[in-house]
Each structure stands twice: as structure tokens, then as C-alpha cells.
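Read the structure below first, then the notes.
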């Protein structure tokens, strides 16, 4: 009998997507304390709530939730086999919100809907917009976000679909942010983070150099990306990547996001919860051997309706490679991206407010 | 006082083995969710049953069992200090069967019996056959297999034992495969794997290219091998290995088995359980930097007595290095092993059957 | 608005310490089975008590405690941001005792007191002695130790404090060692370790070559050090370290301690508990690519008051790089440290006694 290519999947190409198509992604994943420990080993994150049952319970969680980005990566990882196995570029994120917190023992599954399609002008590929929703075993939504990717066409001669570009909000409205149930920001003890800086202490325009840097090794980014069961070949297969333009394994952009968030503890230590992704862009590829640094700028400060105990900050975090961030690199004199910039991520984070 | 070599063990040599000898291997090991998470980080395995409590329970497991190969490696790891610390080569496996599934919290221990001995013709070493049995804390057998290794002699002048070569079955009879208690294959939802291919959809002779490749780093194979508490020096000690013929740390062959199994998800996504090892051979050494690919051939399809819901496939899985498997490499034109082949493994796997 | 250096911490300098100062270190940490699994992956430790619920319970623990050094590293990791972020050298340890065992689920927090200060003769730095106490969520002390570090001054012109050098005991008195509650050494089954050597079998002066060696990779030591949330830049940032005198990332000395302890299983397999650190010194820096070996010398043997079932051994463990330890390297002919020596650690360990 001849080979059976039908069983081994090679991923969807641009022609395979239809507007409104619903993708039920495979392999639900139970997140455990083992995953949470690995996440600390990969990132060094020190935000107290996912680290310490005591800190989480004091704030009103029933247990220590896993890191919001671990939840993100697990939800995202489900989508790759269907959405981006043949992606040429991961173009952006928008309208992301975290909803129910994820606790060890929760099982996450993801579904996506195709909300936009536009063939590239060269006819070789096309942009696919998907809205992905991650749910836990009770059906509660834990994460909801839009991303768009440039996906190769199987056949350059395939006809282009009608171009449909979704309208995406420039930012998530702070009034739509979801707070985990039962939190009491006044019960947060800043001794757990070592920083007294609360919501009131940050003002729009403020920039923070997160100081520390971390060099990435091949084993680290591959183990992290496998933990999230993201199967994109570009991250793992040096034999094939050796003949690519990059010549190297490409580090999963989410790993860079995680490192930037972990570095941001030094300056945003009480930003205990990622509430939303307003937008995000992987500005340049990252490879093993690069040392990642980060800085942040406070873009907005928003009180939350009916809450005197918690507030939101809109924070832009920029990650760089091999360039400490005391000079807050972002754009060059020519208005183009600074060559050291890897990531430009716009988020809402939650912080406790000062009782008063 | 003089050094005390008696306390630090240097492993058994060929002369130390006796036919019928029973080895009670040290260090029982409780397998946890931490081990299971690490196993995913090392292999990227996406088989749904060990990944998701929901998928495992739907199929009839009381909880998500750990990966069958994690159980294998833990059982195997116990044997190394007594059996193969002075092995020159790990020659083969046969008659392996998984029995009780292993759940987080189970404590595994291994005992072996020497079932064969034959001095090598050069008088410098000898082949030792052992049958090893891994049990959980209740005494239930979780794995039972035979392996044979070429073990160095302490003294080339030691007399040879009477040669005894055990008769080993060419394959495990499918009628002897053990199904975990309580399974209902009809309750398996293929949405969890993303593949509709069930037992009926595979036919003897069918070959599947598993497509993806994964490059191995030193840190990865050493961490995996340490997790299994396999103490063989060749995997860890570059200072000594630098002067060996290989010149490099040798990757534990079991790590290659795990990568091949994980890659085989792409083509055998519903093969939820490894039920037996019919035979296996590490064809060539693997070192860090190698990129592992795999392909499989269906050798036999067997219905299971009294079960309309589950069936078994006998699958030969071949792993290669630095050679994608679209051409199904196995033997060269000269009949010798293809130079890219690392592993040739013959197993029985279980799949759900189509209701009907 | 201008940059806000106040939020991102750059660590304390010598001038920031005051005698008697109490430091409540940030980020309590819940230790889990995930951390325990990672600890095995990083070290390959095979001591049975942390490995196997069955072995731990047989000896009288209510569950398998985590490795004593995992507890040490988590307690130590808390202190780094406040004590040693600007350390030029980690000079030594003394008066360390483990008290309550740490079980998965325990949350550890650390406080320190400054017990000594002495400016260095060059006026550029000073030695800071701290006594650090790690407690679990019930307030029970799990570890108590003194360390001293050479910390840079912010300004060489700052006035020197009155020099205060604490008196430190040369060793922890064996009569002050703390035994975990409920242990029954007679219930220990040596089959779990594979070694019959109990407390009575070791005599002062005895030296043991631990035989095995392990090569360290960058990914391994960084992941371990991040797991302990030790944020010292020197371990992670190759971009900055590239311009340092070492030119490389410096491996956290605690990782070397852990490797030495894990290697010591081969020769001290029944030393199930680290009870005290009498003293310790990181003799030379360790970098990735080094292969670590170890040997031990029994310095003292102490019966424990009222206990016929357990005894203590004072053990000096020496770790080397790229030098197997059959010749027990320590000092050169010139009386200086042997160039291969990395670590010289003086501990008390507990072993079961022979019923008799």
C-alpha cells in the first residue's frame, strides 16, 4: 500500500480558510502544578499571586492561579496546528481579554473563528484573522483574543477570496476588563512583592527600565514551546531551518512575551494580573543566544467602575535583544523600528489601589 | 583510613551476573504531575489521554495516566545501576507489555531476573538478558519486558559461564495484550485528537511519514535522563566522553524512543496507548545537535477478543537523524541499515474502533 | 515625565546595610511537586526519601518531603534581591540548620537580619553578614543559616561603618541538630537505596570518591536558578557578562552544591537528610561546559541523644571541575586550593543506625 499522507497533517494553507469558519482545535490540556513550576523555570517570574498560595488567597483567589501567560500559551498552542502551521509571519494581536482565572487541574480547550481574510498582493500568501476563545472544563471562557497571521498558499494560482478585514478596536475599553471573582485589593500586602508602588503611583507617560537581562538558550525555548504543545516546525527543526533565510530556529514569540513580562516585575511588581492585550507585534525574530531586556511605558491609568480597591494601567512593554533599556529604545531617527526591538506589546494590567 | 571503594558503586560486570539471579533495584520513585509536565516539555507529546483529565475520563480512566513511555523510562531507570552501568551496548528489547496504567501519585519499583548469559567471542564482554518487571505501590505490574545488553568483563581472564540464550517471541501475541480496566473505546471523541482515523482506517503495509523534526540539545536529553534517574555516565560526563570513540555524550536511547512516539502523533493521533514492545533496536548512536524524524509502517491489525470498541495495530516506527522521512529510509541498497536510521521499534498500540 | 528609577530596584549597596537591620524578603513561594520533579531533572538526585512516598512514609514522614537543598535554594533565593544583587563574591556559609521538613504545598518566606559589617580595605566594597531564616506558612522555621557576601559600595567615598564581625561557630553542635518529627530509623529499609552502609559503617577519616561526573549546560543552571527565583544578573545575562572578567555567565554556587550532594548518593546513599551546614566556601567559579565531580571525607561521627535509630555524620564534600576525584584533590603542594576545586562544604547528614 502506498504512503498515506492523509493521516499526517501538514496544516492548513490560505485556501483552506473560509470566512466564518469555526475551528475546534485538538488536544485539550489539563494545566498542573508541574506546568506552573516549569513556567517559573523558563521565565523566572516573581509575581506573587501565581507563586504563593498564601498571597493568592489573601487577595481573594481560592488557590494560586497559574500565570496569565501560561494560560495564554496553552490556549494559543491549541490553535497552531489549525491556524499557523504554514504561517510565514505572526502579524499581530488585538482585543485580548483574560476572563476566568486558570487553576491547576483546569483543562483548557480552544476554538477559533475565521473573522478576516485578505490575499497578499504578491498572490503567494494571505492574511488570516482568527478570534480564538479558550475555555476551561466548565465551559467558562479564560481568554478571548484576535490574532492575524500571514499564511502561505498551497497554490499561488488559487483564486483570492473576497477581502474581508475585521474592524479591530485600538484598545480594549477598560470598562470591559474582567476581574476575577472575589478579589479584595485592599487585602493585598505589598510585602509579598517587596514594592510599595500601587496603582496611584503610576502616571501616564512614565517610563520604566526593567534593568535585568536574560540570555535565551535553545533548550529553554524549545522546552517551553513544547510544554505549550505548539508544534510549529520553525521552533524545533534546525535541520530544516538551517536552509531558511534566518538559518536558525525561530523562538516562539510568546516566549519573548513571557520573558518581558517576567522582567517587568522589576518596576511593576504589583501588577498582579494581565487583564487584556490591546495590541502586540513581534517586531523582529529572536534566536538563541540573544539577551532579552525590556522597558515599559504607562499609557493610561483607569479606575474601575465600582472598585476602590483595584485599578488598571495600560502599559506598553518593549522587549529588545542585546540592548539594555536605559535609553528606552523604540524607533530610530528615521522613524523605523529600532534594530534592537523584538516586541511591542500593549496591555492592561491590574494593580491594587491604596486604601484611602 | 584508606579510601573506601566499597561504598561508591561502580556497577556490575559480566562476571557478576548469574543465571536466575534476582535483582531488586534501588530507589522506588513516585511519579507526579511534575514528571508528567516535564515529559511534555521534553517530547512535545500531544496524545490526548495523558494530556487531559477530561479526555482520559471520557475514555474510562479514573484520571489522566502518565505517558506510557514515562512509565517505561522510570521502570527502566531503576535497572541501570545494577544491569547496565558498564554496558558497552544496549542490544535490544523484546516481549514488553504495559499492564496497569500509571497515575500521578503511584510509586514505581523494579525487579529483574537474569534470564540469559553468553560471553562474547572476544572474551572481553558478554551479553546479559534480563526480564524486568515494574510494579506500583500496590504490587500491580505496570510493565514487563526483556532487554539484553553487552556488558564489559572486569577481567578478560574470568572463565565464561555456560552460554544460555533465552527463547524470545518474535512478537507479543495480540491476544495477550492487556487493556486498562474500565475503558470504553466508543466513548472516545476524536475531536480531542483532531484526527478521524480510527483502528479500521489503518491497514497492514501502510506507511506514514510523521513529517516533523526535532533537534536535540544536551540540556534536554540530560534533564530527561536525570528525571528518570538513569545514572549511566555516558549520558552526562563530557569530560570522560571526550576521550571515547564517540567523543560526545551519548543520548539515552529511550529519549529517542520518546521523540519518535511523540512525532508519531502526526499520523497516529488516536493510538492512545502503547500496549507492547515486540522488539526494538538502537541502530546508531544519537548525539546533541541531531534532528530526529520518524516514520511508521503498520505491520498487523488485530481485533481484540470480546472488544468491539478497541483494536490493536502492530506498528514499526523508525527514527532517523538529519533525514526527513518522506522516503521511508530503513535499509540501504546493500541491505545494511540506512545510515540515517537511529531506531527500529516494533510495538502494539491501541486505538478506538468505529461504532458500527 | 522622566524615567522612574525608583520603581525598578537595583539592589542594596554596602552603604544601605545597618547592623541589626531586619529584611523581610519579598515573594513567598509555594513549593510543589512540580518543583520537586524539576529538582530531580536538574540534579539526578536519587536519595529515596524525597523520591518515593513509600520510602518517606516508611521512615515516618507524613509524605515525601522535598529535597533539603531545594528548600535551601528557595529560602536563599528570596534573599538575593535584598542582600546580594550587588555582591562581588559569596564568601561563605555557617551555622546552617534544617528544621521542619518542607512538603509540597508548603509556602516558604524568608527574613534576614544583618549581623555583621566590615568595609574592605580598598574602600570599594564591604562584607555583609546576614542570618537568614526561612519559615513555612505556619511560621515553623525550615532553615536558619548565616552567610556573608562582599557587596559593592555605591560610592567609594561613603564613610565606613564601625566594623562588626560576628562570632561564628566552627561547626554546628551535633546536640543541636533537629530531627524531623516522627522518624523511626529502624523502619528504614536499605533496599530503597541499594546500599547497606549505615551510620556505623562510616568512620572519621574515611574518604569516598563519588565516581560519577556531570557536565553542566547553560540552560540547566539558568532554569534551576530561575526556579529558585534567584534574580542575580551574573547567572543570566551573557550580554553583560561578556564584558566581565569571567567573560561568561557564572553558575549559581548552589547549583554546584546540589550536584555534589546528588553525586554523593554514590557512597552515602543512606544519608537521607541534610541536617546542618557547618561551613562552606565556593572556591572557584563554575561555568557551563564544566564537568563536576565530587568526593567526601567523614570528619566526625556523632550519636544523637536519646536515639538508637539515627546517627549523624559530619561530612566534608569537595566538588571539582574536569577532574575525577580518585585522588581526592583539595590543596596543592603549595598549600593553596587545588585548581580543580569548586566547592568545599562541611555538613552534618543523618543516617539510620543498625538495630542492635
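Protein chains in written order, with this note's numbering: chain A, 1133 to 1488; chain B, 1133 to 1488; chain C, 1133 to 1488. Glycine residues also receive a C-beta, built at the ideal position from the N, C-alpha and C atoms. Just so we're clear, the structure is a prediction, and the values are computed from it rather than from any experiment.
Contacting residues, own chain, Cβ-Cβ under 7 Å from residue 1486 of chain C (five flanking each side not counted): 1330, 1332
With three or more C-beta pairs closer than 8 Å as the rule, is the region 1237-1251 of chain C touching the region 1307-1314 of chain C? no
Amino acids of chain B, ordered along the chain, whose beta-carbon sits closer than 7 Å to that of residue 1552 of chain C: Lying before the first or after the last residue shown, residue 1552 of chain C is absent from chain C, which here runs from 1133 to 1488.
What is the rounded straight-line gap between the Cα of residue 1164 of chain A and the Cα of residue 1198 of chain A? 8 Å
With DSSP as the reference, please indicate the residues paired to residue 1469 of chain A in a beta bridge. A/1463
Should the region 1434-1445 of chain A be called in touch with the region 1138-1148 of chain B, which here means at least 3 C-beta pairs below 8 Å? no
Residue 1282 of chain C - partner residues in DSSP beta bridges: C/1221, C/1259
When the Cβ atoms of the region 1298-1305 of chain C are set against those of the region 1464-1472 of chain C, are three or more pairs found closer than 8 Å? no
Less than 8 Å separating the beta-carbons of residue 1458 of chain C and residue 1475 of chain C? no
Contact criterion: CB-CB distance below 8 Å. Does residue 1340 of chain B meet it with respect to chain A? yes
8 Å Cβ cutoff, residue 1332 of chain A in contact with chain C: no
Taking the straight line between their C-alpha atoms, what separation do you get for residue 1434 of chain B and residue 1194 of chain B? 26 Å
Three or more C-beta pairs under 8 Å: does that hold for the region 1389-1404 of chain C against the region 1421-1439 of chain C? yes
If we call anything under 8 Å between Cβ atoms a contact, is residue 1202 of chain A one with residue 1170 of chain B? no
Exposed or buried, which one is residue 1264 of chain A when buried takes at least 16 other CB atoms within 10 Å? buried
Look at the Cβ atom of residue 1222 of chain A, then the Cβ atom of residue 1281 of chain A, and state whether they are nearer than 8 Å. yes
7 Å Cβ shell around residue 1136 of chain C - same chain, five flanking residues per side excluded: Annotation note: pLDDT 46 at residue 1136 of chain C (below 50); position unreliable, no value reported.
C-alpha gap between residue 1157 of chain C and residue 1402 of chain A, whole angstroms: 15 Å
Residue 1380 of chain A: first and last residue of the uninterrupted beta strand (DSSP E) it sits in: Note, residue 1380 of chain A: premise wrong, no beta strand (DSSP E); not H, not E.
In chain order, each alpha helix (DSSP H) run of at least 4 residues that lies wholly inside the region 1369-1432 of chain C: 1370-1373, 1385-1395
Provide the residue(s) that pair with residue 1363 of chain A in DSSP beta bridges, ordered along the chain. In DSSP, residue 1363 of chain A forms no bridge with anything.
Could you tell me whether the region 1344-1352 of chain B touches the region 1406-1424 of chain B, where touching means 3 or more Cβ pairs closer than 8 Å? yes
Residue 1363 of chain C: contacting residues in chain A (beta-carbon distance under 9 Å): 1176, 1178, 1344, 1397, 1398
Do we get a CB-CB distance below 8 Å when we pair residue 1483 of chain A with the residues of chain C? no
Is there at least one Cβ from chain C nearer than 8 Å to residue 1141 of chain B's Cβ? yes
Check whether the Cβ of residue 1325 of chain C lies closer than 8 Å to any Cβ atom in chain B. yes
Tell me which residues share the same chain as residue 1258 of chain B and place their Cβ nearer than 7 Å to its Cβ, disregarding the 5 neighbours each side in the sequence. 1146, 1249, 1250, 1251, 1252, 1283, 1285
With a Cβ-Cβ cutoff of 8 Å, do residue 1114 of chain C and residue 1407 of chain C count as a contact? The requested residue 1114 of chain C does not occur in the structure, where chain C is confined to residues 1133 to 1488.
Quick one: grab the DSSP three-state call for residue 1193 of chain B. coil
Report the three-state DSSP secondary structure of residue 1206 of chain C (helix, strand or coil). helix
According to DSSP, is residue 1212 of chain B part of a helix, a strand, or is it coil? helix
When B/1289, B/1325, B/1447, B/1290 are compared against residue 1181 of chain B, the one with the closest alpha-carbon: B/1325
Hey, residue 1360 of chain B and residue 1149 of chain B: beta-carbon distance below 8 Å or not? no
For residue 1201 of chain B, three-class secondary structure by DSSP: helix
Distance between beta carbons of residue 1306 of chain B and residue 1436 of chain B, contact taken as under 8 Å: 7 Å
Ordered along the chain, which non-local residues of its own chain (more than five positions away) have a Cβ less than 6 Å from that of residue 1190 of chain A? 1319
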